[in-house]
Structures are given as structure tokens and as C-alpha cells.
Amino acid sequence: MKKQILICAGTEKACETFREMLDNGAYEIATATTASAVREQDLEMYSVLFFSLPLADESGIKLIDELASDSSPPVCAIVRGDLPEKALERLSADNAYILKRPVSRSNLQLAAELISSFYGKSAGMRARINELERKNDEMKLMSRAKLLLIERKGMSENDAHRFILHRAMNRQMSIEAVCHEIIDGNG
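First residue of the sequence shown: 93, per my numbering; consecutive thereafter.
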């Protein structure tokens, strides 16, 4: 399956230039010239987002700020060599990868491969972290519900645990829902 890349530049000509530089058969490449066009897209389908700043309707830095706060794919900003240091710091703070113009075909292809590869590996780690956080939250909820059963009903910890599991099974509810019932005083 080909990796998908979005190239956003201020003009169609610039988009086509970058598309030609990246087009080695390994990618499906989409283009946009405005930040508003980027905002309308489902960005989760892309492996990497390339922005050649400025864009047609804004500098692009604000858009990169917005994307940094989401769980969007990695962003690579292609900037003028004379971009002010403050703008470079802002892009770096947003975890954008920065390439200064002029950019060679080999550098652009290497950046695309490295960034998309890193994103793929980090996506697996993010999924694992999310699963561990979910399990941790479930364990906290279970502990709180068991503590309430111990205090209110005088159960042992093992009895409280079995009570929650049996209730979930008998009512065909999730353990989380049963724990919430107990905590809310309805169980």
C-alpha cells in the first residue's frame, strides 16, 4: 500500500514542482494551495504533510499551530532561508520538521521517507499508550467501586471483585458501567 502525502503550497505550480520531486511511485500525493482547503480534509489518512510556506491564504504558521494540537500526521515545513528566527522557533515548538529552500529532490524524498516511517512506528506506540491508559482508568474505576462495596456492604476485596464481575456478566453490561453504577450509588 502506498503512503499518502499532502503537499500544500501557495501556488499550483509550486505544488506540482514538489509533486514531481516526490513522485517516485512510492506515494499517493494530494495537493492544496490554501489553509482552508487543508482544514476541510481528513488529515489522518496521510503519512506526512508538507507545507511550503507561505500559503495562498495565510502564512501557514497558524495552521501548523492548529495541527500540532491535534493528533495529526507529522508536518514538514519548507521555508525560505531568511525566515525570521522567531518563526523558526514557533515551528520547532510545534514539532514541525523544517527544510530550508532550496530543497533538492533527494532531500525531499529522504525527508518524506524518514518522517512517514517514524510516524508509522510512533502510531503503534501511541496505540499501545492509549490502551494502557484505558486499562489504568478501568483499574482505578474498579478499585473505587470495590472500596465503596467494602465500606457500604462490608464485603471483602475478593467478594467485591467477584460481585462486580458477576453483575456485569448477569446484566450483560461492561465492567466500567457496573463500576459507574456502584460509584453513583445506583448499584
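Note that the Cβ used here is the ideal one computed from N, Cα and C, for glycine as well.
Remember, it's a predicted structure, so these values are computed and weren't measured experimentally.
- DSSP lists 98 and 167 as the bridge partner or partners of residue 141.
- Ranking 177, 184 and 232 by CA distance to the CA of residue 159 puts 184 first.
- According to the DSSP assignment, residue 120 belongs to the beta strand (DSSP E) that extends over 119 to 124.
- The beta carbon of residue 107 is closer than 7 Å to those of 99, 101, 123 and 125 in its chain, skipping five residues each way along the sequence.
- Within the stretch 235 to 277, the complete alpha helix (DSSP H) segments of 4 residues or longer fall at 249 to 263 and 267 to 275, listed in chain order.
- Closest in alpha carbon position to residue 121, among 109, 149, 173 and 234, is 109.
- In the structure shown, residue 175 falls within a coil segment according to DSSP collapsed to helix, strand and coil.
- Your pair residue 139 and residue 97 checks out as a contact, with CB atoms roughly 6 Å apart and the cut at 8 Å.
- DSSP places residue 147 outside both helix and strand once states are collapsed to three, so it counts as coil.
- Partner residues in a beta bridge of residue 183, as assigned by DSSP, do not exist.
- In chain order, 102 and 152 place their CB closer than 8 Å to the CB of residue 146, counting only its own chain and leaving out the 5 sequence neighbours on each side.
- Beta-carbon to beta-carbon, residue 240 and residue 274 are separated by about 6 Å, close enough to satisfy the 8 Å threshold.
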